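Read the structure below first, then the notes.
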Amino acid sequence: MWPGLKLVHGKPRHSQSQGSVERSNQDVRDMLVAWMLDNNTKQWSEGLRFIQSKKNRSLHEGIKKSPYEAMFGMKQRIGLADSSLEKETYESLETEEDLERILDGITTGPDNETEDNLYNTDLCAICEECGILVTCQKCSLKVHVKCGIETEDQVVCSRCNRTDAIRDQREDAKSGLEKQAAKMLSLSCQKLPPVEVGQNVVVKVPDVDRGRLAPRNVLPAVLSVNECGLYKLGTKNGELERLYSRNEFTFADSNFIKLSEVPSTLLNLRQASVLASGSKQGFVMCNCKRYCISKKCNCRSKEVLCNSKCHNNSECKNK
1 MWPGLKLVHG
11 KPRHSQSQGS
21 VERSNQDVRD
31 MLVAWMLDNN
41 TKQWSEGLRF
51 IQSKKNRSLH
61 EGIKKSPYEA
71 MFGMKQRIGL
81 ADSSLEKETY
91 ESLETEEDLE
101 RILDGITTGP
111 DNETEDNLYN
121 TDLCAICEEC
131 GILVTCQKCS
141 LKVHVKCGIE
151 TEDQVVCSRC
161 NRTDAIRDQR
171 EDAKSGLEKQ
181 AAKMLSLSCQ
191 KLPPVEVGQN
201 VVVKVPDVDR
211 GRLAPRNVLP
221 AVLSVNECGL
231 YKLGTKNGEL
241 ERLYSRNEFT
251 FADSNFIKLS
261 EVPSTLLNLR
271 QASVLASGSK
281 QGFVMCNCKR
291 YCISKKCNCR
301 SKEVLCNSKC
311 HNNSECKNK
């Protein structure tokens, strides 16, 4: 392969990673599969560089430019068509030696140095060659006019010009991402309007936290909203210990709980679900080999009876 390449074996979906990373991994895999079909090959590693180049020069909807432009301040160059050579010059090339011969001729150029320049020991900061030098207006280094960008009254070296271009591209990319975030926030506010204090809401209880006889939802009331838009919720049995974002609950049809009915005790969502149903079974199960008579039994230690999810032992004493 090449130095710095890291291969990750596994599914493109990982719950620990971000959604954007997962979608990018999925895109790379699909593009690699298409490349292998088009080229009728199983050497997937040979297509990684082409896929990487394709991803880097594709238009990003948020920043309105390709990732390569945002990083390097210029469009990605591909082959001789993006070089400074004329089309008639590189069309007749057949070998790499022919290309080197043309590039050497451009670099060397005609011998037009004057007698004064023969004793000039200053080197251009860009191409490191002697010649008639001018001072860059930004970095104050000595450069050739051809190694910079010439305007009406000053010359800026190509290095400073590229630095400015990179900075401008990244500022544009930042502005594009901010506009994209504002648009997403606006759509979210339209879809999920804010909830007033005292309004009753519906919070879905995850399966791992729900008992066998517990309801699928908990009906708390909104106690307060902080400056980050997170909601403090409370039930008749106490306040939920963590804060909830707007997308984690929906409006209730009616107000079942008043703020004065919410005690100050703290409890988690599982406890609120258990207290609302009066059931304590939950998803507790054991894998005991025999009688289930000691506290080593997970069900007996929780003071619940063994159920069908437990062992198939007919000698169980905790049924």
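So in the UniProt record's numbering, spot 310 of the sequence shown is number 310, and the numbers just go up one at a time.
The beta carbon of each residue, even a glycine, is placed where N, CA and C say it ideally should be.
Every value quoted in this text rests on a predicted model; they were computed, and no experiment measured them.
Query raised in the report: According to DSSP, what are the bridge partners of C157?
Result: The partner list for C157 (beta bridge, DSSP) reads G148.
Query raised in the report: Exposed or buried, which one is E150 when buried takes at least 16 other CB atoms within 10 Å?
Result: Flag for E150 reads exposed.
Query raised in the report: Leaving out the 5 sequence neighbours to the left and right, which residues in its chain are closer than 6 Å to C310 when beta-carbon positions are compared?
Result: So the qualifying residues of the chain are M285 and C286.
Requested in this report: Name the one or two DSSP bridge partners that K142 has.
Outcome: Under DSSP, the beta-bridge partners assigned to K142 are T135.
Requested in this report: Using the DSSP secondary-structure output, state which residues sit across from F72 in a beta bridge.
Outcome: Paired residues: none, contrary to the question.
Report task. In the DSSP assignment, find the beta strand (DSSP E) that holds F256 and state where it starts and stops. Result -> No beta strand (DSSP E) contains F256, which DSSP labels as neither H nor E.
Query raised in the report: Do you know whose CA, among R162, N312, C299 and L305, lies nearest M71's CA?
Result: Checking every option, the nearest Cα to that of M71 belongs to R162.
Report task. Taking L267 as the reference, give the member of K232, L59, I257 and F249 with the closest Cα. Result -> Selection K232, L59, I257 and F249 evaluated against L267 yields K232 as nearest (Cα-Cα).
Requested in this report: Just the C-alpha distance for residue 326 and Y68, rounded to the nearest angstrom, thanks.
Outcome: With the chain represented from 1 up to 319, any question about residue 326 goes unanswered, as that position is not in the structure.
Query raised in the report: In or out: G234 buried (at least 16 other Cβ within 10 Å) or exposed?
Result: A residue is called buried when at least 16 other Cβ atoms come within 10 angstroms of its Cβ; G234 meets this threshold and is buried.
Requested in this report: Count the C-beta pairs between the stretch 250-259 and the stretch 219-229 that are closer than 8 Å, then say yes if the count reaches three, no if not.
Outcome: Flag = yes, the stretch 250-259 and the stretch 219-229 touch.
Query - Alpha-carbon to alpha-carbon, D253 and V195 - result: Pairing V195 with D253, the inter-Cα distance amounts to about 13 Å.
Query raised in the report: Which residues bound the beta strand (DSSP E) around E239?
Result: Per DSSP, E239 belongs to the beta strand (DSSP E) from G238 to L240.
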